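Colleague:
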Amino acid sequence: MIRRDKKLEKRIARERIEILLEKALKTELPFSRRYVELAMRIASRYRTRIPDKYRNTFCRKCYTPYTSTTSKIRLDRGVKVIKCLNCGFVKRIPYKPRR
Ligand SMILES: [Zn+2]
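Heads up, the sequence shown is in the working numbering, so the first residue is 18 and it goes up one at a time.
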């Protein structure tokens, strides 16, 4: 029996996720949605996290990347509210307002 090199698997998975998300941000819908979906699937399969810089770049419900036409961003009392215009999912990210 050949032992699986889990470290290597994870490294390759991370690499693939990076490539797919990079592609998703550059391509048009509906292909970009598919790229995000694949990246999410790899992430869950190999138990790796989506890199922080991509965390808020797509809707986690329908995998649509956030752009000016697919999302609406508003600031509301210390909370950044991102609304997905495809499925209506609302994501709230707290931030510190400047005085
Ligand atoms: Zn959505």
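Backbone N, C-alpha and C fix where the C-beta goes; we use that ideal spot for every residue, glycine too.
In this text the structure is predicted, and so the values were computed from the model without any measurement.
Would Val96 pass as a contact of Phe75 if the rule is Cβ separation under 8 Å?
Modeller: Here residue 96 is taken as the residue at index 79 of the sequence shown, counted from 1. Here residue 75 is taken as the residue at index 58 of the sequence shown, counted from 1. Going by C-beta atoms, Val96 is not nearer than 8 Å to Phe75.
Colleague: Consider the C-beta atom of Thr81 and the heavy atoms of ligand 1; say whether any pair is separated by less than 7 Å.
Modeller: Locating residue 81 in the sequence shown gives position 64, counting from the first residue. Thr81: yes, Cβ under 7 Å from ligand 1.
Colleague: If you measure from the beta carbon of Val53 to each beta carbon in chain B, is any gap under 8 Å?
Modeller: Absence of chain B from the displayed structure is noted, only one protein chain being present.
Colleague: Any contact of the segment 102-111 with the segment 57-76, i.e. 3+ C-beta pairs under 8 Å?
Modeller: At 8 Å Cβ cutoff, the stretches touch.
Colleague: Pull up the distance between the alpha-carbon of Arg66 and that of Asp22, whole angstroms please.
Modeller: Translated into the one-based positions of the sequence shown, residue 66 becomes position 49. Translated into the one-based positions of the sequence shown, residue 22 becomes position 5. Near 19 Å, if we compare the C-alpha coordinates of Asp22 and Arg66.
Colleague: Could you tell me the alpha carbon to alpha carbon distance between Val98 and Thr81, rounded to whole angstroms?
Modeller: As a first step, residue 98 is located in the sequence shown; it is residue number 81 there, counting from the start. As a first step, residue 81 is located in the sequence shown; it is residue number 64 there, counting from the start. In a straight line, the C-alpha of Val98 is about 16 Å away from that of Thr81.
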